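Okay, structure first, notes after.
4 protein chains.
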Amino acid sequence: MTAPKFAGIIPPLCTPFHDDFTVDTASLRRHIEFQLDAGVHGIFVLGSSSEVAFLPDDQRRITVETAVDQVAGRVPVLAGCIDMTTLRVAEHVKTAEAAGADAIVVTAPYYTRTHVAEIDRHFRLLYERTSLPIFAYDIPMAVHTKLDRDLVLNLAADGVLAGLKDSSGDEAGFRMVLQQRRERGLEHFAVFTGSELLVDAALAQGADGAVPGLGNVDPVGYVLIYDHFRGGNPQAARREQERLLTLFSITDVAPPNRMGRGSAALGAFKASMKMRGFIDNAVMAPPQLPLNDDELLQIKGKLAEAGLL
Amino acid sequence: MTAPKFAGIIPPLCTPFHDDFTVDTASLRRHIEFQLDAGVHGIFVLGSSSEVAFLPDDQRRITVETAVDQVAGRVPVLAGCIDMTTLRVAEHVKTAEAAGADAIVVTAPYYTRTHVAEIDRHFRLLYERTSLPIFAYDIPMAVHTKLDRDLVLNLAADGVLAGLKDSSGDEAGFRMVLQQRRERGLEHFAVFTGSELLVDAALAQGADGAVPGLGNVDPVGYVLIYDHFRGGNPQAARREQERLLTLFSITDVAPPNRMGRGSAALGAFKASMKMRGFIDNAVMAPPQLPLNDDELLQIKGKLAEAGLL
Amino acid sequence: MTAPKFAGIIPPLCTPFHDDFTVDTASLRRHIEFQLDAGVHGIFVLGSSSEVAFLPDDQRRITVETAVDQVAGRVPVLAGCIDMTTLRVAEHVKTAEAAGADAIVVTAPYYTRTHVAEIDRHFRLLYERTSLPIFAYDIPMAVHTKLDRDLVLNLAADGVLAGLKDSSGDEAGFRMVLQQRRERGLEHFAVFTGSELLVDAALAQGADGAVPGLGNVDPVGYVLIYDHFRGGNPQAARREQERLLTLFSITDVAPPNRMGRGSAALGAFKASMKMRGFIDNAVMAPPQLPLNDDELLQIKGKLAEAGLL
Amino acid sequence: MTAPKFAGIIPPLCTPFHDDFTVDTASLRRHIEFQLDAGVHGIFVLGSSSEVAFLPDDQRRITVETAVDQVAGRVPVLAGCIDMTTLRVAEHVKTAEAAGADAIVVTAPYYTRTHVAEIDRHFRLLYERTSLPIFAYDIPMAVHTKLDRDLVLNLAADGVLAGLKDSSGDEAGFRMVLQQRRERGLEHFAVFTGSELLVDAALAQGADGAVPGLGNVDPVGYVLIYDHFRGGNPQAARREQERLLTLFSITDVAPPNRMGRGSAALGAFKASMKMRGFIDNAVMAPPQLPLNDDELLQIKGKLAEAGLL
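Residue numbers (the numbering used here), protein chains in the order written: chain A, 610 to 918; chain B, 610 to 918; chain C, 610 to 918; chain D, 610 to 918.
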């Protein structure tokens, strides 16, 4: 039983674009440096926050290649391989391998009506095809299937899965995974919360780390939560988390009757990243809608209140 | 006001594979000939029944190229351009154009949390990029968004959409589309049901045609429904539809506790196509699970009962 | 094998209230007379359109007693016994029996997380307790469980269920019920659609009748559909149904951002009933919200267009 | 700003039955004494764990009367007033008032398709009718509506709601309620988690207490969590919670293909309560299915492992 290879704060990076929606690699590199300066313990490219669902394959490739090159081994780089089924995911895995990623992140099949036995087969077939560690990405909001707890733990026990990124919103189920990980002696299996709002709680319950989208805006805050927790100061971790709870309200500035919740949240992240000087351009890929001037002003106010401007 | 360009029975073709999951183009060509011999009025490749969600891009390309080449203009070829968001769909549109498809079929965005204003933008941006007619593909079972009725009709009125393939299962909503198409004078907008079980009813309500997955197995039956209806014999159309209702039970032979409903249905279609000599190999792409011998025997019995063996 | 006891148009009556939300029995009696004058073949009280979910038990009792008394045996009276689980439903069954109802209508359990084996037990236990014919009421929009097709047909075969009112919106599944009813020789089992928009189609597919909420507003229209169909004139039935499709837009006059779809539809029905002189007061039970003057004016216009004012 | 009136561990009591499903008041009284001996800070009768959805009104009345009489003022008694809409809930409120309950607990409307403005009206109308403190019960699993955060906090600010029992499973949303309660100065508004598995986390985040169903089986454990937390020993609270996480697996002993998750959980609670001598009879109300001998044996083993037998 060895310690997990992956731990700490691993933000799911937003992908900065030029106006033509090609990747702005200079901004991406600068954003990565801001993250590393903040002390993050890894980065996750091509996750949901990256607009991976909006990126053509060549732009995905450029993203992971740029990230691996810029990070240059200082921290691990996880690469999302997000597609509908096994053979399509396998092509993204090849790209991630060629680019030099340290691990891949894979969801349940989607678009198709799937079954737990098919999800099991999905991960096992991918495991046969790569030597990279595989993280299961539990994100029913996107793929409309919740990963079964026994499935995940059995795949971990068989060595198929190296880790889990849980963005399911099912915190009771998440805790049961952590509990059964202990009971089954699977401590090598790395378990991360995808929540931005419950990082201190997840760490207290035994999680190895967090993959918080809001970390694009305030990576220092999340690193502080982790450091306070590791330093035996859960109260300070909680206070830091509560500060970030307030900041998270930037994702609700654009109202639900005007745009999707994806656009509202990613638009707020990218606008904040631009205001903070991390990236040059906050444009989002189509068909997402842009925030308006009033909404941007509100976000600016919230960043100022949080001491980030 | 001109008659719709597209009408009649347009089966969504299954894609035959070799054992390595590359497209078996010889079988695909043979299958297309069986369909054309049966009198179908068009074919739809790279729809959900094609395992489009399982096909890598190069296999998608081979599929549409082979179909266009084999059909050689005898009937229109519709090509699914199924992906998560605008820029990714746009790449499939280019492939369909290059292959010579007659129309493209596009769903709402998925994986992302979308909004009606974003779906509107999605279709409009694609319309700007192609001169091919665009069919909206309403399939909430796959993309988890139901297309809004006013959205669809407004896009039709603006000439953005040439047609609708409705696989939503919302038959009352489908009829409202047909009714409002009449009331708004949008008869050039082609409306197809994606149901296998309600083709006679859809035609009676004013639909232009059907895109029935079960047509892979019994295209003659669906052409008969259409011909009976056009010939003023709705009772005969109903009797034919009822025969096909019974045949449709092949899709439920594999039980829900063993595999997904996708695998069960597509597995039954492909097994039947092989038994009938349309294709050589009934293998399905991973991670779908295969039917077992007992299930295949039951399907054989049902085909025999239906007079198809 | 005998013919079904129940057939034809059986509107689910709205319940008129005084301002204090007690049943306005005089209006209810008048409304019933309008329905009987129109030629309906039965009435259904205490269904979803009756605001049964809003009625205290004593008001439910008054409703069914008044209806049975007013109808006086001219047509059958079906009574909804709508509650969460077996013992609570059983109390409503007693009330319906005492009032002299001709049949009862029962949903799957709700509020609780149920299972098909428990739904089976639910109907069988109620069957043991009453000699009244039992209709299963398939309304997942309200109870969040879809009745399983095999369950329904097996209960029919065992004599537990006398009929089905299908408001599930799953028209393909509904047709499978009709098909398997024929195949299993269960013609004594009465099958009704709860749709307002597909009555002609349901009859063509073999349904025994319809339970249309819009029948509160225009019972003559629905009786005409039935008569045209029985008289061998499906085209006339279709034209009548299409007229009612247009009328149905009264239920969408109040926008979704202002009130629930229940309030919007029931409010439109009751307002129309008042405008047509069937009832005195269009008030709805709390916490439903009232239509505003502009919305009422729009409804008035639509009734006038339909020739109902 | 005063301290909340309600705080601590308030178990939602199961209701013991005789074989005829009438309330076994002697067992109920004995069970309450076991709870009070364990040090609980209140009891909640007629919540979901009480089988409230299965209890006829007279049995509900007996339950709350018995509980108030037995508790005799030693701790507060909360009474669920669980029904579909305002007027029906209002009748249960009258019963709770007459019985002497200290607070009532009310869900969003269900069965009907509701709207946030109607839910707002629902709570405000009930507030006008009673002087008892009202707890909102957020339980989308049962009522299929999630209470809106702003709605809840605005009702709290207006004094309509005295508290919240959050069984929504949305822990991030729960934390936002706690955060905004602080930011808006609404500390008099009592906030409880309904989770059995995250009590230590909820307390750390500022919740006033918990309403854990598993407290029926092991009230001492939950009181220990609360005491450890209040005593400044979060590690001990966590260890106790983790012990209860393991015990909670009793609710999964009966498999999902045999019965509903409600029956499986409540059956396990009642069987455990009987094994521990709290009640005489573990029978559940119809149509729930009973646990079998093998399942009971497994539960016994788990209780023994937990040191509860």
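Beta carbons are placed, not taken as given, at the ideal position from N, Cα and C, and that holds for glycine. From a predicted model like this one, the values you see are computed outputs, not experimental measurements.
- Around the beta-carbon of C/G617, 16 or more other beta-carbon atoms lie within 10 Å, marking it buried.
- Taking 7 Å as the upper bound on Cβ-Cβ separation, chain A lies near no residue of the region 763–794 of chain B.
- Using a Cβ-Cβ cut-off of 8 Å, B/T739 does not count as an interface residue toward chain A, since no Cβ of chain A sits closer than that to its own.
- For B/E914, the closest C-alpha among the options B/A873, B/R852, B/E660 and B/A891 is that of B/R852.
- Excluding sequence positions up to five before and after C/V649, its CB lies within less than 8 Å of the CB of G617, I618, I619, P620, V684, G824, P828, Y831 and V832, all in the same chain and listed in chain order.
- Between B/A662 and chain A, the shortest Cβ-Cβ separation is below 8 Å.
- C/D711 and C/F663 have their alpha carbons spaced roughly 23 Å apart.
- In chain order, M868, G869, G871, S872, P895, P896, Q897 and L898 make up the part of chain B whose C-beta sits under 9 Å from the C-beta of A/E727.
- Per DSSP, the continuous alpha helix (DSSP H) segment holding C/D666 begins and ends at D666 to V680.
- Put simply, of C/G815, C/G886, C/P895 and C/Q897 the residue whose alpha carbon is nearest the alpha carbon of C/A635 is C/G886.
- Around D/V820, the same chain offers I619, P621, F653, K774, F801 and G803 as residues with beta carbons nearer than 6 Å, after the five sequence neighbours per side are excluded.
- Of all residues in the region 692–719 of chain D, only M693, T694, T695, L696, R697, E700, P718 and Y719 come within less than 7 Å of chain C when Cβ atoms are compared, listed by chain position.
- Taking CB atoms only, B/R839 has no neighbour in chain C less than 8 Å away.
- Per DSSP, A/Y831 has no beta bridge partner at all.
- Nearest in C-alpha terms to D/T694, of all of C/I713, C/E706, C/R669 and C/P665, is C/P665.
- Inside the region 857–900 of chain A, DSSP marks whole alpha helix (DSSP H) runs of 4 or more residues at positions 870–884, from first to last along the chain.
- DSSP places B/T802 within a strand segment (E or B) once states are collapsed to three.
- Setting aside the 5 residues that flank it on each side, B/R669 is surrounded in the same chain by L655, V661, H701 and T704, each with a C-beta closer than 8 Å to its C-beta; the list follows chain order.
- Scanning chain A for C-beta atoms nearer than 7 Å to the C-beta of D/E851 yields Q788, reported in chain order.
- The C-beta separation of D/V714 from D/G689 comes to about 5 Å, placing the pair in contact by the 8 Å criterion.
- With its beta carbon at least 8 Å from every one in chain A, D/R848 lies outside the interface.
- DSSP links A/T716 through a beta bridge to A/Y746.
- Leaving aside the five residues that flank B/D757 on each side, the residues in its chain whose CB is nearer than 8 Å to its CB run, in chain order, V725 and I728.
- Considering only beta carbons, no part of the region 630–655 of chain A lies closer than 9 Å to chain D.
- With at least 16 other beta carbons inside 10 angstroms of its own, C/E780 counts as buried.
- Chain-order list of chain D residues neighbouring C/R730: P895, P896 and L898, by C-beta distance under 8 Å.
- Spatial neighbours of C/V752 in its own chain (CB-CB distance under 7 Å, excluding positions within 5 residues in sequence) are listed in chain order as T716, A717 and Y719.
- Below the 7 Å Cβ cutoff, chain C contributes L696, R697 and E700 as neighbours of D/P665, in chain order.
- With fewer than 16 other CB atoms across the displayed protein chains lying within 10 angstroms of its CB, D/R839 is exposed.
- The beta-bridge partner set that DSSP reports for D/A688 consists of D/V654 and D/I713.
- Under the rule that a run must span 4 or more residues, the alpha helix (DSSP H) segments found entirely inside the region 765–814 of chain B read 780–792 and 808–813.
- For A/R722, there is no enclosing alpha helix (DSSP H), as DSSP marks it with neither H nor E.
- Using beta-carbon distances, D/H797 does not count as an interface residue toward chain C, since no partner is under 8 Å.
- By the neighbour-count criterion, in which 16 or more other beta carbons inside 10 Å mark a residue as buried, A/E642 falls on the exposed side.
- Across the structure, C/T723 and D/G871 are spaced so that their CA atoms are roughly 7 Å apart.
- Using a C-beta cut-off of 8 Å, the region 738–745 of chain D makes no contact with the region 834–850 of chain D, since fewer than three inter-stretch Cβ pairs fall below that distance.
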